[in-house]
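Following: one structure in structure tokens, then a few remarks.
Number of protein chains: 2
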Amino acid sequence: MYFRILEDLERNGRQVISSAMLAKLGGTNSAQVRKDLSYFGNFGKRGRGYSVADLKETLRGILGLNRSWRVVLVGAGQLGSALFSYKDFNKHGFHVVAILDVDPAKVGKTWDGVTIRAFDKCEQVVRESGAEVAVIVTPSEAAQSAVDRLAKAGVRGFLNFAPCKLTVPESATVRNVNITIELEGLSYALQG
Amino acid sequence: MYFRILEDLERNGRQVISSAMLAKLGGTNSAQVRKDLSYFGNFGKRGRGYSVADLKETLRGILGLNRSWRVVLVGAGQLGSALFSYKDFNKHGFHVVAILDVDPAKVGKTWDGVTIRAFDKCEQVVRESGAEVAVIVTPSEAAQSAVDRLAKAGVRGFLNFAPCKLTVPESATVRNVNITIELEGLSYALQG
Ligand SMILES: NC(=O)c1ccc[n+]([C@@H]2O[C@H](COP(=O)([O-])OP(=O)(O)OC[C@H]3O[C@@H](n4cnc5c(N)ncnc54)[C@H](O)[C@@H]3O)[C@@H](O)[C@H]2O)c1
Ligand SMILES: NC(=O)c1ccc[n+]([C@@H]2O[C@H](COP(=O)([O-])OP(=O)(O)OC[C@H]3O[C@@H](n4cnc5c(N)ncnc54)[C@H](O)[C@@H]3O)[C@@H](O)[C@H]2O)c1
């Protein structure tokens, strides 16, 4: 949240910001801001405020936003191909280094230099590519078994687009992008 | 939330459910369940529990999930084409009746019987197609001005995929699917 606010401020050419101002933009209070930021270390002096550029860069490091992740795309279908071409992925440090699919008609094709490999070889592909994160764009019924094999092969992060609940080992993390929930929410709000 | 739980229960062949069980599955308490459900009307009798099938159908009606919406897709690019072919859209009552784009090379092409129209004619297209909901898959910089014109033309619901904040009139609703936030969250969790 703070990171996004700081990005906007920097874009508008602001140099310094007080915790009161940060609180107002973030919808909290100054004490909360100082508490949140102190969690990350000591930034500004009371009374002088925080330097926008320094705070942003430090937050970027802490949030891990400047790290880059090697990504395996699992499912070379409609959404997989849209995500592959999505320029913001790279901007956030997510670089697709491998693509897996079960469809023999797709295996062997190349997207912008990355060859689609057979899911059956996922252990080898994860080892060779060093993939740490998997983006799941398979049909729901295939998603859990794909995730199980990938987690065993060492993948630690999962971004799931299939509308189903996935379980991963303790050592891994899964984030879901569920468009269905947004659709139902929109439908509900419009009925209001 | 209850709707999804009831869907799972029905799939597993369960006929009746008590408010205590519903509370456990939903992570709340029985009193909260009875309060939430009473908002929708009087369903079950204390002691006998709720009929899963009846409760689900009633909730479906109230949540407006069985209504169908006429949708205009704004932006015939990578994500637009993936969403157009997404079968779950129809399952949730969202039917694409029109597609708009500014690229002359795309205008006039047809996707599965729907012709891509020039965004400039959006008022006419919204009137002719009766579109009530717009799915925004344009670049961020074009999104707000597209939404302004569509809201004026009578569109009441917006599902926004562009990574930017959109403002709509009081009478309209916007839901955002922001993949960037999920990416940053995943990156942050993996750094943990
Ligand atoms: N298309 C969309 O706009 C959209 C939007 C939101 C969510 N989703 C979800 O994303 C997923 C993919 O949707 P899509 O529209 O791209 O479908 P799609 O049918 O176009 O693509 C799915 C791909 O997954 C492959 N596949 C099947 N089983 C696999 C496995 N075990 N391992 C690896 N690959 C496998 C298929 O061969 C196919 O290429 C679905 O779960 C869908 O519900 C899609
Ligand atoms: N590709 C993805 O997987 C993905 C994922 C998440 C979010 N997004 C977001 O979705 C949006 C679309 O992404 P994309 O990858 O499909 O881009 P794209 O460039 O493939 O498609 C964008 C389309 O919008 C059209 N367009 C431009 N201005 C317009 C306007 N004023 N009115 C109507 N159409 C207009 C363009 O002509 C083009 O056809 C972007 O905001 C992007 O950040 C994309």
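Quick mapping for you: the protein sequence lines, in order, are chains V and A. Position one of the first sequence corresponds to residue 313 (this note's numbering), numbered consecutively onward. Position one of the second sequence corresponds to residue 313 (this note's numbering), numbered consecutively onward. For each residue, glycine too, the CB sits at the ideal point set by N, CA and C.
Residue interval of the alpha helix (DSSP H) (run including residue i)
i, result
"T492/V", "I491 to Q503"
"L478/V", "From DSSP, L478/V is part of no alpha helix (DSSP H); its letter is neither H nor E."
"G339/V", "Run containing G339/V: none; DSSP gives neither H nor E here."
"F473/V", "Per DSSP, F473/V belongs to no alpha helix (DSSP H) and is neither H nor E."
"E322/V", "Y314 to R323"
Residue i, enclosing beta strand (DSSP E) - first and last residue
i, result
"A410/A", "F406 to D413"
"A430/A", "V426 to A430"
"N488/A", "T485 to N488"
Neighbouring residues, chain A, relative to residue i (Cβ below 9 Å)
i, result
"G498/V", "Note that residue 498/V is Leu in the sequence shown here, rather than Gly. By Cβ distance, chain A contributes W381, F406, V445, G469, F470, L471, T485, V486 and R487."
"A365/V", "Within chain A, no residue comes near A365/V; the closest Cβ sits about 19 Å away, beyond 9 Å."
Listed by chain order, chain V residues near residue i by CB distance under 8 Å
i, result
"S397/A", "Q390"
Listed by chain order, chain V residues near residue i by CB distance under 9 Å
i, result
"A465/A", "None at all; the shortest Cβ gap to chain V is about 16 Å."
"A454/A", "Under the 9 Å cutoff, chain V gives no residues; its nearest Cβ is about 15 Å from A454/A."
"A332/A", "Correct list: empty, because the minimum Cβ distance to chain V is about 23 Å."
"A343/A", "Those do not exist, as A343/A stays about 23 Å from chain V at its closest Cβ, beyond 9 Å."
Contacts of residue i in chain A (Cβ-Cβ under 7 Å)
i, result
"A458/V", "Simply none; closest approach about 17 Å."
Within chain V, the residues that residue i reaches when beta carbons sit closer than 7 Å
i, result
"A335/A", "By Cβ distance, chain V contributes nothing, its closest Cβ being about 19 Å from A335/A, past 7 Å."
heavy atom of ligand 3 below 8 Å from residue i C-beta
i, result
"Q390/V", "Among the ligands in the structure shown, ligand 3 does not appear; only ligand 1 and ligand 2 can be found there."
| Short-range partners of chain A found in the region 399-430 of chain V, where Cβ spacing is below 7 Å | D400, H404, G405 and F406
| query | the region 472-496 of chain V: which residues have C-beta closer than 7 Å to a C-beta of chain A, in chain order? | reply | P475, T485, R487, V489, I491, T492, E494, L495 and E496
| field | Runs of beta strand (DSSP E) wholly within the region 438-466 of chain A (minimum 3 residues, chain order) | value | 445-448
| task | Would you list, in sequence order, the uninterrupted alpha helix (DSSP H) runs of no fewer than 4 residues that lie entirely inside the region 368-401 of chain A? | result | 390-396
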